[in-house]
Amino acid sequence: MNKPTLTDLRAFMAVAEHRSFRQAADLLGITRSTLSHAIRGLEDSVGARLLHRTTRSVSLTEAGKRLLGRLDPLMSDLDAALEEVAGEQGLTTGTLRINGGENAIRLLLQTVVPEFLKRYPGVELDLVAEGRLVDIVEQGFDAGVRLGEAVPKDMVAVRLGPDIRFLAVASPAYLAVHPAPKVPDGLSKHQCIRQRLPSGKRYRWEFLKRRQEVAIDVPGVLTLDNNQLMVEAALDGLGIAYVPEPYARDALDDGRLVTVLEDWCPVIPGLFLYFPGTRHMPTSLRAFIDMVRTGAA
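Using this note's numbering, read the sequence shown as starting at 804 and increasing by one per residue.
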């Protein structure tokens, strides 16, 4: 029997974790046909089918489950040993994959990333700007960046940015024709620029004043899925938009937009870098976290 290679075993683990040849191939940086060939070779080596494959799904056989259960701790120990040796030589290497929304990745590029790449040239940073929330463990990411309220409760979170507010904003020209509402319910008489979330759902505008919380599915004939476009639509007088303050700040400062219901717009936790605390932490991620904690962001 030909002994399986370390590469074949890692390929199997990637497919088993993602339940997808396409996602595993993308993660490994190889073609699906190369990955399929590696899995077939591994199955021939061990003399057992490890995966059930259909055109729509991938699942583990009983033999596959047993092999994965033994490989997980072994590979974790191997990775830790290799990183420990590299650390003794003063080296930090590998690929660090981080998922976040566009604004979150932009913040990283403006703050932590330049200094991190300068200090750790052996690390390859793979930053994915994705609007929808994903399971970072399932999707093969080392960490994610989200607003504090969106960070899963089982994750360790490190503050990346200051608290922020969502603000309802409109152009003076729009408000000259449609007087600003005094309370959130008054939005029912306005054209609102609605937001479509990456999940496909429309965002319900959330307000808070003196512990009174209100969430409203506002009316409107225009729906967008991008905060910057929503600001531009508000500037064009198309209605009231509800966006994170940084997107509207310049237009507010020069008077092209004004706030609506500002005393109902609460401060919420800002962006956080988050990661699982129950798995081995790569040295590259530890170095990145240390830079965030020491104020590089």
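Just so you know, even glycine gets a beta-carbon here, dropped at the ideal spot from N, CA and C. Computed from a predicted structure; not experimentally measured.
Residue 902 carries a strand assignment under DSSP once its states are collapsed to helix, strand and coil. According to the DSSP assignment, residue 862 belongs to no alpha helix (DSSP H) but to the beta strand (DSSP E) extending over 861-863. DSSP places residue 960 in no alpha helix (DSSP H) but in the uninterrupted beta strand (DSSP E) bounded by 958-962. When rounded, the separation of the alpha-carbon atoms in residue 810 and residue 904 is 32 Å. C-alpha of residue 990 to C-alpha of residue 817: approximately 49 Å in a straight line. CA-to-CA, the gap between residue 814 and residue 808 works out to about 10 Å. At a cut-off of 4 residues, the continuous stretches assigned as alpha helix (DSSP H) that sit fully inside the segment 980-1049 are 1030-1038. Straight-line spacing of the CA atoms in residue 1091 and residue 979 works out to 49 Å.
Cβ atoms of residue 976 and residue 1043 stay farther apart than 8 Å, at about 12 Å. Straight-line measurement puts the Cα of residue 812 at about 21 Å from the Cα of residue 900. In terms of Cα proximity to residue 946, the closest of 1097, 1080, 1096 and 806 is 1080. A distance below 8 Å between beta-carbons, with the five flanking residues on each side excluded, links residue 1096 to the following residues of its chain, in chain order: 961. For the options 1012, 820 and 932, the alpha carbon positioned closest to that of residue 875 is the one of 820.
Between residue 1048 and the set 857, 1070 and 907, the nearest pair of CA atoms involves 1070.
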